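Chemist: From first to last, the protein sequence lines are chains R and D.
The opening residue of the first sequence carries number 18 in our numbering; numbering runs sequentially from there.
The opening residue of the second sequence carries number 18 in our numbering; numbering runs sequentially from there.
Number of protein chains: 2
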Amino acid sequence: MMRTKAAPTRRLGVENSETRALLVKAAARLVRDEGCSAVTARRLAEEVGLKRQIVHYYFGTIEDLLIAVIRSGVARIHERLQRALDSAEPDEPLRVIWEMGSTVTATLFEFSALAIRREPIRIEIKRYMEQYREIQSRALQRHLQLRGIEPAVPPVVTAIVIDSIAHTLAVERAIGVTEGHAKVRAIVEEWLQAFAKVGDASMVAARQPQ
Amino acid sequence: MMRTKAAPTRRLGVENSETRALLVKAAARLVRDEGCSAVTARRLAEEVGLKRQIVHYYFGTIEDLLIAVIRSGVARIHERLQRALDSAEPDEPLRVIWEMGSTVTATLFEFSALAIRREPIRIEIKRYMEQYREIQSRALQRHLQLRGIEPAVPPVVTAIVIDSIAHTLAVERAIGVTEGHAKVRAIVEEWLQAFAKVGDASMVAARQPQ
DNA sequence: GTCTATACTTCGATAGAC
DNA sequence: GTCTATCGAAGTATAGAC
Numbered sequence: 018m019m020r021t022k023a024a025p026t027r028r029l030g031v032e033n034s035e036t037r038a039l040l041v042k043a044a045a046r047l048v049r050d051e052g053c054s055a056v057t058a059r060r061l062a063e064e065v066g067l068k069r070q071i072v073h074y075y076f077g078t079i080e081d082l083l084i085a086v087i088r089s090g091v092a093r094i095h096e097r098l099q100r101a102l103d104s105a106e107p108d109e110p111l112r113v114i115w116e117m118g119s120t121v122t123a124t125l126f127e128f129s130a131l132a133i134r135r136e137p138i139r140i141e142i143k144r145y146m147e148q149y150r151e152i153q154s155r156a157l158q159r160h161l162q163l164r165g166i167e168p169a170v171p172p173v174v175t176a177i178v179i180d181s182i183a184h185t186l187a188v189e190r191a192i193g194v195t196e197g198h199a200k201v202r203a204i205v206e207e208w209l210q211a212f213a214k215v216g217d218a219s220m221v222a223a224r225q226p227q
Numbered sequence: 018m019m020r021t022k023a024a025p026t027r028r029l030g031v032e033n034s035e036t037r038a039l040l041v042k043a044a045a046r047l048v049r050d051e052g053c054s055a056v057t058a059r060r061l062a063e064e065v066g067l068k069r070q071i072v073h074y075y076f077g078t079i080e081d082l083l084i085a086v087i088r089s090g091v092a093r094i095h096e097r098l099q100r101a102l103d104s105a106e107p108d109e110p111l112r113v114i115w116e117m118g119s120t121v122t123a124t125l126f127e128f129s130a131l132a133i134r135r136e137p138i139r140i141e142i143k144r145y146m147e148q149y150r151e152i153q154s155r156a157l158q159r160h161l162q163l164r165g166i167e168p169a170v171p172p173v174v175t176a177i178v179i180d181s182i183a184h185t186l187a188v189e190r191a192i193g194v195t196e197g198h199a200k201v202r203a204i205v206e207e208w209l210q211a212f213a214k215v216g217d218a219s220m221v222a223a224r225q226p227q
């Protein structure tokens with residue numbers, strides 16, 4: 018199950034191959050519809066109408082294939098976030114963060130779980146998360162600077178808190194737990210509106226100036 | 018991979034078997050140390066010194082074994098939470114929720130990911146989450162009632178928000194992402210102290226009375 | 001540069017012997 | 001209650017055909 022080392026003599030297909038792109042696309046669809054465990058060389062080869070060995074020709078291991086799937090998906094997600102934040106300027110960047118966090122898919126959740134046990138995947142997910150948060154923080158920072166607001170809470174904290182709640186609600190909903198969700202959304206809505214008005218999610222309104 | 022239906026003629030070992038308990042214990046250890054995917058009939062049989070078919074004799078499928086592992090673990094976790102909340106009375110139930118949420122293990126995360134794709138596991142995790150939250154909500158409710166405080170936010174919301182942040186920080190830390198975590202913990206610390214004093218985590222201090 | 005034949009190992013699962 | 005025997009399917013790896 019665990020490949021210790023890549024065989025040095027092993028031939029691999031080129032990066033810009035049409036078949037390779039087809040495999041990544043088919044794998045991404047499988048991951049989305051049926052989960053990571055549905056990605057096997059046999060199922061994948063079936064989808065593209067080739068023999069199963071072709072998967073190992075292009076990716077070596079299934080893990081390498083999954084990493085290719087992650088990379089192809091990450092690019093799209095980061096673009097989508099950046100675009101949404103740009104188009105939402107200068108109104109409600111925090112709402113964009115909340116809404117995109119709420120559409121978190123089972124896919125990211127699955128990859129995150131894999132990341133904890135498998136180092137190569139961990140590296141990829143770590144990079145993804147850090148970049149995603151960087152984009153969020155920058156957008157909030159910019160929003161505040163444009164209005165000359167000195168936030169009581171660093172933008173990165175606001176992003177983490179809102180994102181945490183969005184992810185939790187999304188995952189719980191997927192599992193069938195919805196108790197208290199409506200009430201949480203109501204509170205978050207108040208924070209979003211407060212942030213749009215005064216640049217503060219009111220999460221630390223009780224904080225006293227030193 | 019997916020068993021459609023349990024064979025009706027299949028023999029299964031009794032519930033109160035010593036070997037069965039041994040298997041569950043060994044499986045729990047494997048899940049904790051190496052993850053769900055490390056739980057195979059061979060590895061498990063090896064641990065208890067028996068043949069691999071013994072696993073199927075007692076559990077039918079690996080999934081049934083995982084469910085047994087979940088049930089055995091859930092009981093312990095609920096007890097631990099309830100005991101911590103009782104011993105923390107009447108001071109800081111919210112801090113207990115925060116601290117227990119921060120010790121969330123990769124195990125719960127892995128099972129939650131499995132739960133999204135596999136119905137029998139989903140049922141178990143759903144029940145676990147609902148009961149866990151119920152215990153949290155009751156403790157906060159009791160804390161407020163004893164002090165005659167009418168909270169601006171329903172206890173279940175406070176529990177969800179604090180738990181969300183705790184889980185997110187725990188998972189991100191496991192993946193290697195720690196940007197902003199210290200600042201988030203500082204804010205949460207303020208909330209915990211505010212809640213201990215006035216029964217409000219100050220998360221909605223900006224809320225105006227209607 | 002692309003793809004396939006073949007083989008090895010591990011896995012989950014079942015039937016039936018002891 | 002535990003074992004032997006057996007099955008199909010999965011991941012991986014090597015050699016070689018085109």
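Ideal Cβ placement from N, Cα and C applies to all residues, glycine included.
Treat the numbers as computed from the prediction; the structure is a model and nothing was measured.
Since I believe R/I179 is in contact with R/V201 (beta carbons under 8 Å), could you give me their beta-carbon distance rounded to a whole number of angstroms?
Modeler: R/V201 to R/I179, Cβ: 11 Å. No contact.
Chemist: When you compare the CB of R/K200 with every CB in chain D, is at least one pair closer than 8 Å?
Modeler: Interface residue, yes.
Chemist: Report the rounded CA-to-CA distance for D/R60 versus D/G118, giving the unit in angstroms.
Modeler: 31 Å
Chemist: What number of angstroms, rounded off, separates the C-alpha of R/F126 from the C-alpha of R/N33?
Modeler: 29 Å
Chemist: Can you pull the chain R neighbours of D/A123, defined as C-beta to C-beta under 9 Å?
Modeler: Within chain R, the residues near D/A123 are A130, I133, R134.
Chemist: Between R/P229 and chain D, is any beta-carbon pair separated by less than 8 Å?
Modeler: No answer is possible for residue 229 of chain R: the residues shown for chain R start at 18 and end at 227.
Chemist: Considering just the uninterrupted stretch of the alpha helix (DSSP H) at D/P110, what are its terminal residues?
Modeler: 110-119
Chemist: Jot down the residue ranges of each uninterrupted alpha helix (DSSP H) in the stretch 118-191 of chain D, minimum 4 residues, whole runs only, in chain order.
Modeler: Runs of the alpha helix (DSSP H) inside the stretch 118-191 of chain D: 123-134, 136-163.
Chemist: Output the boundary residues of the alpha helix (DSSP H) element that contains R/R93.
Modeler: 79-105
Chemist: In chain order, what residues of the stretch 178-192 of chain D put their CB closer than 9 Å to some CB of chain R?
Modeler: V178, D180, S181, I182, A183, H184, T185, L186, V188, E189, A191, I192
Chemist: Note the first and the last residue of the continuous alpha helix (DSSP H) segment covering R/T36.
Modeler: 35-51
Chemist: Going by alpha carbons, who is nearest to D/I133 out of R/V41, R/A45, R/R49, R/L40?
Modeler: R/R49
Chemist: According to DSSP, is D/V56 part of a helix, a strand, or is it coil?
Modeler: coil
Chemist: Answer yes or no: do R/A45 and R/V72 have a C-beta to C-beta separation smaller than 8 Å?
Modeler: no
Chemist: Under DSSP, the alpha helix (DSSP H) around R/L209 begins and ends at which residues?
Modeler: Here the alpha helix (DSSP H) through R/L209 covers 198-215.
Chemist: Answer with yes or no whether the minimum CB distance from R/F126 to chain D is below 8 Å.
Modeler: Taking a beta-carbon distance threshold of 8 Å, R/F126 counts as an interface residue toward chain D.
Chemist: Kindly list, in the order they appear in chain R, the residues whose Cβ is closer than 7 Å to that of D/E196.
Modeler: Ordered by position in chain R, the residues that pass the 7 Å Cβ test against D/E196 are E147, R150, V173.
Chemist: For D/G52, go through chain R and note every residue whose CB falls closer than 8 Å to its CB, in chain order.
Modeler: I133, R134
Chemist: Counting only beta-carbon separations shorter than 8 Å, does R/I87 have a partner in chain D?
Modeler: No, because no Cβ of chain D sits closer than 8 Å to the Cβ of R/I87.
Chemist: Within 10 Å of its beta-carbon, does D/Q227 have 16 or more other beta-carbons around it, so buried, or fewer, so exposed?
Modeler: Summary for D/Q227: the model assigns pLDDT 34, below 50, so the residue's position carries little reliability; its value from the coordinates is reported in the next sentence. Under this definition D/Q227 is an exposed residue.
Chemist: In this structure, does DSSP put R/R65 in helix, strand or coil?
Modeler: For the record, residue 65 of chain R in the displayed sequence is Val; it is not Arg. Looking at R/V65 - three-state DSSP - the assignment turns out to be helix.
Chemist: Name, going along the chain, the residues of the stretch 60-81 of chain D whose beta-carbon falls closer than 9 Å to a beta-carbon of chain R.
Modeler: none
Chemist: Among D/V65, D/R69, D/L161, which has the Cα closest to the Cα of D/T175?
Modeler: D/L161
Chemist: Quick one: measure Cβ to Cβ for D/W115 and D/V188, integer angstroms, because I've assumed they're closer than 8 Å.
Modeler: Going by Cβ atoms, the distance from D/W115 to D/V188 rounds to 15 Å, so no, they are not a contact pair.
Chemist: Which same chain residues, not among the five before or five after D/Q99, have their C-beta less than 8 Å away from its C-beta?
Modeler: Excluding positions up to five away in sequence, the list reads I152.
Chemist: Looking at the structure shown, is D/V31 part of a helix, part of a strand, or coil, going by DSSP?
Modeler: In this structure, D/V31 counts as coil in the three-state DSSP scheme.
Chemist: Pop quiz: R/S154 and R/I142 are said to be a contact at Cβ under 8 Å. What is the actual Cβ separation, rounded to whole angstroms?
Modeler: About 18 Å separates the two Cβ atoms, so there is no contact after all.
Chemist: Rounding to the nearest angstrom, what Cα-Cα distance links D/A211 and R/R190 in this structure?
Modeler: In a straight line, the C-alpha of D/A211 is about 30 Å away from that of R/R190.
Chemist: Please list the partners that R/R139 has in chain D, where partner means a Cβ-to-Cβ separation under 9 Å.
Modeler: A191, I192, G193
Chemist: Can you give me the C-alpha to C-alpha distance between R/E63 and R/V31, rounded to a whole angstrom?
Modeler: Roughly 21 Å between the two C-alpha positions.
Chemist: Within 10 angstroms of its Cβ, does R/I84 collect 16 or more other Cβ (buried), or is it exposed?
Modeler: buried
Chemist: So with CB distances below 7 Å, who are the chain R contacts of D/I142?
Modeler: I192
Chemist: Mind checking which residues open and close the alpha helix (DSSP H) that includes R/V72?
Modeler: 70-76
Chemist: Just checking my contact of R/H184 with D/T185 at CB under 8 Å: how many whole Å lie between their CB atoms?
Modeler: 7 Å
Chemist: Alpha carbon to alpha carbon, how far is D/E167 from R/A254? Give it in angstroms, no decimals.
Modeler: Residue coverage of chain R in this structure runs from 18 to 227, which leaves residue 254 of chain R outside it and unanswerable.
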